[in-house]
Structures are given as C-alpha cells and as structure tokens.
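Peer 1:
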Amino acid sequence: MLDRARRRPSAGLSLSLAIALTFVACEQRPAATPGAVDAQVAIASGPLDASAPPAWAELVRQERYAEAAKAIDALTEAARQQPELRYLRARVALELGDGTLAHRLLDGLEAALPLLAEDVLDRRADAAMAKGRFAEAGERYASKASLSQQLKASRAFERALDAARARSAADRVVAGKTPRRDEAEARARRLRLGGRSVREDIDDARWLAVEGADLPEAEGALARLAALEPTKPLDITEQTRRARVLGDAGRVDDAIKAVEEMPQAAGPLAQLERLKLRAEIFYKSRSHAREAARAYDECVKFAGPRAVEESFKAARALSRADRDDEAIERFLHLARRAPTSPWGEEALFLAARLELLHGRSPKAARLFDEHKKAHGDKRKEATRLRALSYLLAGYHSQAIQLFEQLSDDDREPLAAARARTMAALAAQRAGDRTLAVARWTDVARSRPLSWPALVARARLAEMKAAVPASFEPAPTVDTAPADPIRVNLPPPVDLLHRLGLDDDAEAALRERESAVTAAAPGRSTEALCAAYGALGRGRRRYQVAQQIPQSALFAAPTPRARWTWQCAYPAPWLDDVSANEATFKLPEGLVHAVMRQESGFDPDAVSPARAVGLMQLMPDTARSVAAAETNLSFEESQLTQPSLNVKLGARYMKTLLERFHDNVPLAVAGYNGGPDNVAKWAARLPTVPLDVFVEQIPYAETRGYVVRVLGNLARYAYLRGGDDALPKLVLAPLEPK
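First residue of the sequence shown? That's 317 in the working numbering, and the numbers climb one at a time after it.
(1) Classify N804 as helix, strand or coil using the three-state DSSP reduction.
(2) Taking only the alpha-carbon atoms, compute the straight-line gap between T656 and C883 and give it to the nearest angstrom.
(3) S635 and L672 look like a contact to me (Cβ under 8 Å); what is the Cβ gap, rounded to whole Å?
(4) Could you please give the first and the last residue of the uninterrupted alpha helix (DSSP H) stretch that includes I388?
(5) Specify, as a first and last residue, the run of the alpha helix (DSSP H) that A1073 falls within.
(6) CB V616 to CB E607, shorter than 8 Å?
(7) Report yes if the CB atom of A909 is closer than 8 Å to the CB atom of V1046, and no otherwise.
(8) Are the Cβ atoms of R749 and M779 separated by less than 8 Å?
(9) Could I get the ranges of all uninterrupted beta strand (DSSP E) runs contained in the stretch 476–556, with 3 residues as the minimum, in chain order?
(10) Classify K493 as buried or exposed, calling it buried when 16 or more other Cβ atoms lie within 10 Å of its own Cβ.
(11) For Y1015, which residues of its own chain have a beta-carbon under 7 Å away from its beta-carbon, when the five flanking residues on both sides are left out?
(12) Is L933 helix, strand or coil by DSSP?
(13) Can you tell me which of P806, E788, L730 puts its alpha carbon nearest to the alpha carbon of L770?
(14) May I have the straight-line CA-CA distance separating P958 from E897, to the nearest angstrom?
(15) Please classify K266 as buried or exposed, where buried requires at least 16 neighbouring CB atoms within 10 angstroms.
(16) Check for me: the alpha helix (DSSP H) holding Y885 runs from which residue to which?
(17) Rounded to the nearest angstrom, how far is the Cβ of A739 from that of E720, given a contact under 8 Å?
(18) In whole angstroms, give me the CA-to-CA distance for T899 and A472.
(19) Between F618 and L593, is the Cβ-Cβ spacing less than 8 Å?
(20) Threshold first: 3 residues or longer. Then list the beta strand (DSSP E) segments lying entirely within the stretch 631–691, N to C.
(21) Suppose contacts are defined by Cβ-Cβ distances below 8 Å. Is R540 in contact with L509 by that definition?
(22) Just reading off the alpha helix (DSSP H) that S959 is part of, what are its end residues?
(23) Indicate the three-state DSSP secondary structure (helix, strand or coil) for V922 in the structure shown.
(24) If contact is defined by three or more beta carbon pairs under 8 Å, each pair taking one atom from either stretch, is the stretch 959–977 in contact with the stretch 921–937?
(25) Taking three-plus beta-carbon pairs below 8 Å as touching, is the stretch 841–853 in contact with the stretch 875–890?
(26) Might you give, ordered along the chain, the residues of its own chain that have their beta carbon closer than 7 Å to the beta carbon of P1005, omitting 5 neighbours on each side?
(27) So, are the CB atoms of A529 and V561 less than 8 Å apart?
(28) For the stretch 730–789, which segments carrying the alpha helix (DSSP H) assignment without a break, of at least 4 residues, lie completely within its bounds, in sequence order?
(29) Between E842 and I801, which are expected to be in contact by the criterion C-beta below 8 Å, what is the C-beta distance as a whole number of angstroms?
(30) So R439 and L467 are supposed to be a Cβ contact under 8 Å. How far apart are they, rounded?
(31) Is the separation between the beta-carbon of L972 and that of P991 shorter than 8 Å?
(32) In this structure, how does DSSP classify V928 when only helix, strand and coil are distinguished?
(33) Taking C-alpha atoms, which residue in M934, K970, D517 lies nearest to Q954?
(34) Work out the CA separation of A887 and D442 for me, nearest whole Å.
(35) Rounded to a whole number of angstroms, what is the C-alpha to C-alpha distance between A347 and D1039?
(36) Among the candidates R646, H674, P678, S677, whose CA atom is the shortest distance from the CA of D664?
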C-alpha cells in the first residue's frame, strides 16, 4: 500500500492569510512513495476545527463538486460566512453551473480577500454571465488586456445586445495574435453583428471560408461571401488553401469536394497541381491510402521530369495501404531507374526496410549493402537497420562490428547504449559469452534504469550471469540526512492550497517563486521543488527539475539527493492515479510514466493532433473507452479534468495490456503508435525477441516513446523499492491477441 498521506499536508484548518505553510525535509527510505514530498508539514490551527483534514478541501481536490457543496453547506453559519469559505463555495457553485449563488457569495468579497481581489472580480463576472447579467460581465472582461478576456467580452456584449461594444472587443481579438479558433469566433461574430463596411464583411467571410473552413464558425461563410461579392469567388490559391485546411482536419470528403469544385484550369501543369492536391489529401488521411496511390499514379501521367517523385509517392502510399510487396517492387524499380536522385536513394532504403519489417532479413541485408555501396553512410538509420538485418540473418560478426561502430559514433548516450545491447546479443548468438556479458554489464552500470539497462539486466539474468546493482554504494557522507530545508508557501498560495484549489495555488506560486528562493540561498531549486511538491501538482515542478544537472539523476537517490529524483519524477494526482492503477490492475507507476512523457504533467495540454490532457487522449479514443464504462459520458472540453483524463487513460492502457498479453513495452508502443499497427508489426515478426522488436519499430517517434516511458517506469519503481522493484522484461517473442 502506498503511503498516500505524504502526498500533501494533513492538518490545519486555519484560513488566515497570515499563516505560512512550513516544510522540513527529512530522510526517507527507497521504499517510500515516489514523487512524494520529503517533508514534515505543520500548519498552525485556526478558528475552524483542526482535528482532521477538511473533507470539503479534499473533495474539491478530487473535483467532486456536488459532494464538496454539501460538505461546505453542512458547516456552521459562522464558518460558512468566513471570506475564504464564501470564496470556495462560490467557486464550487460556478463548477456546478449555479451563477446566481456564486454571484451573491462573491459580492463585495474582494475587500475581504485583497490578495485574491482580481480573481474574485473575474469569477464574479463569470457568475454574472451565468445568471444572465451580460452587460456587467462584459464590463469586467473588457477591462482586461488579454485576448481571451476580450473574446469573452465580445460574447457578453453580444448577448447584452450591445453590438458596438461586441464588435470593438472582437476587433481587438482579430488584431492580436490569437488561436485560430478564437479568431474564427471573433470574425463570425463581427459578420453576424454587421454595422461595418461591406469590404470588412467580405474580408471576414473570405477568411472564414478559407482559414477557418473546418470550424463550426465557418458554416455559411461561402454563401455569405457569394452574396456579398458575387463576381469574385475564391481564387485558385484560396481554394487550394481551403482544401488543405479541410484535409488537415480529417474532413477528407469535404476536402476532395473542395478540390473538385475548383475551376478547370488549362494546361498539364495546372492539371498536375490539382491531382497532387487530391493525392496529398488522401495520403495525409491515412485511411485513404489506396485512393492516394491511385491519385499519385494519375500524377505520373502529367509530371514530366517530376515523374520519379510522383512514382515514389505512389509506392509509399501502397505501403501505407499494406500492399508492401507491390511497394517494394516499385521502390526497387525507381532505385534502378534514378539511382542518383534523392527519390532513388530513399526508395532503395525503404525497400530494404520493408523487407526487414516482413522478417526477410537476408534480403534486407543485401539491399542495405547495396544502399551503402551506392550512397555511403550518410543515412544513419540505414546503418542501424543494416546492423539489425545482419543480426537477424545470422551474420553475427558483421553485426557486432556495425553495432560497436554505431555505439562509438553516436553522441546520444541512450542511443549508444541501445546499440551496445544489440552488439551484445550478436555476440551471444555468435557464442562469445564473455563479450556479451561484458557489454550488457557495462550498459546496466553506465545507463542505470534506462530501457537499454532493463534489456541488459534481463539478458544477464537469462544467461545466469551476475546482474549488477543499478548504483554503487554511496559514500558515507551522502547517506547522511541533509540539513532540513524550510519552505514557506507565500500568500495566497497557502490559502489556495488549504482550500483544495491546488491548480490555482500552482499558478500563484509561479508568480511568487522569488519569495521561496530568496529564503533558501544556495538551495533555491530544492526549495522550489519542495514547494511545488506540497501542492500535489507536477507541471511546474517538472519544469523546475530541468535546472538539476543530469549527473544528479544518474547517481543513487541518497537521502541528500533524493529530492532531485522526486522533482524530476513527480507523482501528482497520486490518489486518482493509484486508485485507477489498482482498479485496472496496471503496473504501479505506469500512469505517471506515461503522463510524464505525454504531457509533462500539464492537464491543459492539447497537441496539434488534438490529443488532450494529462494522458494526451484523442477525443475519439476517449469516447470509445468511455463506451465500455457504465454511465460514463463527457463533453470533449472535460478531457482536461485530471480525474476523468486519468481514468480514461488508465482504462485504455488496460485494454492495450489485455491485447498484448500484459506485455508493457508492446502496450506502451500501442498507446503511441496505435495498437493495430503494433499488432501488425508483431504478426510479421513472430520470432523476433522483444528487445530487437523495439529496435525494428518503423516509427522513430514510437520507438523513442517506448524507450523513454520504460525508463520513466524504472525510475518510479526504483524510488519505490530499489532494484527489487524494477520491471522485469520478458524478451521472448509474444504475439498479440
């Protein structure tokens, strides 16, 4: 059982702003909770009952707002009337959609909570908006400089029927650097409100029809443009851009329709550009690879001197459509036809790689040899895959030589260590036990707790060779407890934390870090790590950890140095994470290992591909996972809520582990690269051991993702229980269900 009590302070209900939160660093054994704050926390008691932690604060932390409201309402009248509790109850009311109650509770509260005055006024504006007092809300929003607040002002004034002020706020949004969706909303509002010149309306309609083509705000923009300027429809450049915007958003049918609606320009060059755009849209969608191949074949007819390029793209599309044998044939034809062109070089490389991915390693080795002879060693990945081909084809001495060369030449230590593990495997298969053991032992010691170190430890155990400790025993001086470090959370950070508003506390501390560092000369990074750790959040703590020298993370987490590991490998939202890992029977630490890689512990993270939240879930994936849960439904905007995101992410990881027979590296690969892809690769390579399989993953991003997440998992495990807790890899081939 994890010691969850150490995650955050357990006492004290004083809500006075004058009271500071004090942390005293103390020694902790390796078996303690990873990422927890090595601290004893004392908070002076106050006017409320200090005999137990406030249930309402924990409920707020857990985003259980309906229960938090009941808990606060059950307090005495005197307690509920304290400014801090009025503020918290108003925040809870806003979360529950009760703007009327929130507005009443926040009225005049800025005077009683001067350090939160601006936030009180902002929240009161939100409450006014929720209860229909739109003009009041708009006044507050319009007084703020940020473009997001100006956008809110434009919404409020439109609903208040103040068109002039709504337009003015929208003008400021469009004039600034703002996200495309926000600009689309502002332009659509201006167009809807009218009251401007026809030229300005035309510009907004044209922008929405082109740059915002995929957004809901663009609905009707083309028709509006046609009504405003019937003699000047979108030109070919604008239509091309519109099609690409729709295609990039995954709206393939709409994108192709936009291409087909383009005017038929004369000449083969114009026809080629139209066909290329169509092929590009199909290819980017991934689910229309066959159509992309046919479209690129059409391009070849008009490409003239560029026919080689279009032929290459057609072959690449065939491979994406899982017609690899046809793709190989075409790649090889291109390589012979245009051996000195960039397309010929890449075609030969891809043909060799496809042979390797299908388990035809002797053919792959021959093609990689041909590639080296024709193009040298300028493509590092070709050398790496050539070495893998030699290993799998049984050319062990050549494989050893190449992997050793790769290890010596690679300036990235982790990549070099991975190459050494493959050299060791080649040596073992060649019957050179001494070299194999030496290389694996070196990796286990020199890159402790990394993916290659986990591989090395597993291989050494298989050979019944000695498995070295991850770290040498620390000098006696390092095992002694460090001098206690005292960290006071500055106001209003302390108050926000006690109220359970830890996200707000993290943001407030970010603006007041100097107050923490000034009190800890020579130990400023340690002080910041302790302060952020007490809040149970990881985003800024992880960022602060980037100041820690890497050498500190490659030494044992002794009592003096343990804080560096806890800062770099935090364990935020520990209660939610632990509960979901237990519910779905996930390896302990896996959720945090994924979270660290996916979002850097940022609950608001949204990727360019629209992956959302701590676990970077695609909305469609999240909906699919939620469908397997009884009575679990959500809006896409809720995916930034940590509790929901963690639950869905953990549930999805469970489905991946079930599919891949509890093989964590394969499940992790599926989380990043897609489970169907991983299953396809595994089915093609049924006799390849796990460590070699990972090196053969064709997506560099997914390959690196497995390496980093498994390294994270090892770190969390070591913090929890030392070498005995490390994940033990099963390297035998394991096919998916």
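Using N, Cα and C, we set each Cβ at its ideal position, and we do this for glycine too.
Peer 2: Well, looking at it:
(1) Counted from its first residue, the sequence shown places residue 804 at position 488. Correct three-state label for N804: strand.
(2) Translated into the one-based positions of the sequence shown, residue 656 becomes position 340. Translated into the one-based positions of the sequence shown, residue 883 becomes position 567. The straight-line gap from Cα to Cα measures roughly 51 Å.
(3) For the purposes of this step, residue 635 is taken as residue 319 along the sequence shown, with counting starting at 1. For the purposes of this step, residue 672 is taken as residue 356 along the sequence shown, with counting starting at 1. Not quite, the Cβ-Cβ distance comes to about 13 Å (not below 8 Å), so this is no contact.
(4) The sequence position of residue 388 within the sequence shown is 72, counting from 1. Start and end: 381–389.
(5) Because the chain is modelled from 317 through 1053, residue 1073 falls outside the range shown and cannot be assessed.
(6) As a working mapping, residue 616 is identified with position 300 in the sequence shown. As a working mapping, residue 607 is identified with position 291 in the sequence shown. Contact flag unset, no.
(7) The residue you call residue 909 lines up with position 593 of the sequence shown. The residue you call residue 1046 lines up with position 730 of the sequence shown. Their beta carbons are not under 8 Å apart, which means A909 does not touch V1046 by this criterion.
(8) In the sequence shown, the residue the question calls residue 749 occupies position 433. In the sequence shown, the residue the question calls residue 779 occupies position 463. For R749 and M779, yes; Cβs fall inside 8 Å.
(9) Segments of the beta strand (DSSP E) lying fully in the stretch 476–556: there are none.
(10) By 1-based counting over the sequence shown, the position of residue 493 is 177. So K493 ends up on the exposed side.
(11) As a working note, residue 1015 is residue 699 in the sequence shown. Only G989 meet the Cβ criterion.
(12) Walking along the sequence shown from the start, residue 933 turns up at place 617. Three-state DSSP puts L933 in a strand.
(13) Taking the sequence shown and counting its residues from 1, the one referred to as residue 770 is at position 454. Comparing Cα positions, the closest option is L730.
(14) Within the sequence shown, residue 958 is the residue found at index 642, counting from 1. Within the sequence shown, residue 897 is the residue found at index 581, counting from 1. Computed Cα separation, rounded: 14 Å.
(15) Because the chain spans 317 through 1053 in this model, residue 266 falls outside it and cannot be assessed.
(16) Stepping through the sequence shown from its first residue, residue 885 is reached at position 569. No alpha helix (DSSP H) holds Y885; DSSP gives it neither H nor E.
(17) In the sequence shown, the residue the question calls residue 739 occupies position 423. In the sequence shown, the residue the question calls residue 720 occupies position 404. Yes, A739 and E720 are in contact; Cβ-Cβ is about 5 Å, under 8 Å.
(18) Locating residue 899 in the sequence shown gives position 583, where the first residue counts as 1. Locating residue 472 in the sequence shown gives position 156, where the first residue counts as 1. Cα to Cα, the separation comes out at about 44 Å.
(19) Your numbering for residue 618 matches position 302 in the sequence shown. Your numbering for residue 593 matches position 277 in the sequence shown. No, Cβ-Cβ distance for F618 and L593 is not below 8 Å.
(20) Runs of the beta strand (DSSP E) spanning 3 or more residues and lying entirely within the stretch 631–691 do not occur at all.
(21) The residue labelled residue 540 in the question sits at position 224 within the sequence shown. The residue labelled residue 509 in the question sits at position 193 within the sequence shown. Not a contact, by the Cβ cut-off of 8 Å.
(22) As a position in the sequence shown, residue 959 is number 643, starting the count at 1. Element bounds for S959: 958–975.
(23) In the sequence shown, the residue the question calls residue 922 occupies position 606. Strand at V922.
(24) yes
(25) Inter-segment contact for the stretch 841–853 and the stretch 875–890 is present: three or more beta-carbon pairs are separated by less than 8 Å.
(26) By 1-based counting over the sequence shown, the position of residue 1005 is 689. Here the set comprises L1047, A1048, P1049.
(27) Along the sequence shown, read from residue 1 onward, the residue named residue 529 stands at position 213. Along the sequence shown, read from residue 1 onward, the residue named residue 561 stands at position 245. Yes, the Cβ-Cβ distance between A529 and V561 is below 8 Å.
(28) 749–762, 767–778
(29) Here residue 842 refers to the residue found at position 526 of the sequence shown. Here residue 801 refers to the residue found at position 485 of the sequence shown. Yes, E842 and I801 are in contact; Cβ-Cβ is about 6 Å, under 8 Å.
(30) Position 123 of the sequence shown, counted from the first residue, corresponds to residue 439. Position 151 of the sequence shown, counted from the first residue, corresponds to residue 467. Going by Cβ atoms, the distance from R439 to L467 rounds to 18 Å, so no, they are not a contact pair.
(31) For the purposes of this step, residue 972 is identified with residue 656 of the sequence shown, where counting begins at 1. For the purposes of this step, residue 991 is identified with residue 675 of the sequence shown, where counting begins at 1. It is a contact, given that the beta carbons lie within the stated cut-off.
(32) Against the sequence shown, residue 928 aligns to sequence position 612. Three-state result, V928: strand.
(33) Looking up residue 954 in the sequence shown gives position 638. Of the listed residues, the one whose Cα sits closest to Q954 is M934.
(34) Residue 442 sits at position 126 when you count from the first residue of the sequence shown. Residue 887 sits at position 571 when you count from the first residue of the sequence shown. Taking the straight line joining both Cα atoms gives about 32 Å.
(35) For this step, residue 347 is matched to residue 31 along the sequence shown. For this step, residue 1039 is matched to residue 723 along the sequence shown. For A347, the predicted model reports a pLDDT of 43, less than 50, meaning its position is unreliable; a value from the coordinates is still stated below. Taking the straight line from one Cα to the other gives about 10 Å.
(36) Working through the sequence shown from its first residue, we reach residue 664 at position 348. Note that residue 664 corresponds to Leu in the displayed sequence, not to Asp. With distances taken between Cα atoms, L664 lies closest to R646.
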